[in-house]
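Accompanying notes for the structure given below.
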Amino acid sequence: MYFAALLARTEDGWEASDTELDDVETLSDLADLAREAAPDEDTVLVLIEQEDGWFGVVRVDGEDDPRIYVSDAAAAARSSYGEILLTDELLGREPGDDGPDLDTLDLDGTEDGEPDDAADDEDVAADTGPADSVPHGPVGDALVLDDLGVSEKDLRSLSGDALGTIAEVLGVAEVLETVR
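FYI, in the working numbering the residues of the sequence shown are 1271 to 1450.
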């Protein structure tokens, strides 16, 4: 089960709204959605959580690039919402490095159902490289909430209701609960 909310900082404090991510396909779409929630280019936090799996925080400050933290990249990679957050840059990959280049594969006719030997399978598996590997554990900017009272150490140690804990530190637990 997923939960996603926007927290927008305004003159009067934080305002929360739940949000549908069904139409969000890229990080750019998510950042645009966040910016729409901030009338004066104030800070907006997008909080995403998969129950007992992972959580993510995306911080958008005006027109600055979004800052992202994901608690467990491997778990998030198995989620359509997590895939939005796990950009090539966040994972330390070259943009467009989506797997083996078809030009480097040995397409010798065995792909048509002819027998091949195990060595060929190992060669293809070895060519997949880092694009298929997503680290287990946290990735991203662990200082994303530091100036708001959630230190890197605190963020990395969160489990269970992580978003609730973040909201408590920000002083907006009641506001977040209204949209849950």
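Ideal Cβ positions, reconstructed from N, Cα and C, are used throughout, including at glycine.
Span of the beta strand (DSSP E) around residue i
i        : result
Val-1316 : 1313–1320
Gly-1283 : 1283–1288
Leu-1277 : 1272–1280
Beta bridge counterpart(s) of residue i as assigned by DSSP
i        : result
Val-1442 : Per DSSP, none; premise fails for Val-1442.
Val-1420 : DSSP, once it has assigned bridges, lists no residue as partnering Val-1420.
Tyr-1339 : Val-1327, Gly-1410
Outcome for residue i when other beta-carbon atoms lying within 10 angstroms are tallied against a minimum of 16
i        : result
Thr-1296 : exposed
Tyr-1339 : buried
Arg-1450 : exposed
Thr-1448 : exposed
Glu-1319 : buried
Ser-1287 : exposed
Pro-1309 : exposed
Ser-1341 : buried
Leu-1372 : Model confidence at Leu-1372 stands at a pLDDT of 46, short of 50, so the residue's coordinates are unreliable and nothing is read from them.
For residue j and residue i, believed in contact at Cβ under 8 Å, the rounded distance
i        : j        : result
Ala-1274 : Val-1316 : 7 Å
Ala-1345 : Leu-1355 : Actually they do not touch by this definition, with Cβ atoms about 12 Å apart.
Val-1439 : Val-1420 : 5 Å
Leu-1277 : Val-1442 : 6 Å
Ala-1343 : Val-1294 : Wrong, their Cβ atoms sit about 19 Å apart, outside the cutoff.
Gly-1410 : Leu-1360 : 6 Å
Short CB-CB distance (under 9 Å) between residue i and chain C
i        : result
Pro-1408 : Absent from the structure: chain C. Only one protein chain is present.
Start and end residues, alpha helix (DSSP H) containing residue i
i        : result
Ala-1304 : 1297–1307
Glu-1353 : 1350–1355
Glu-1359 : 1358–1361
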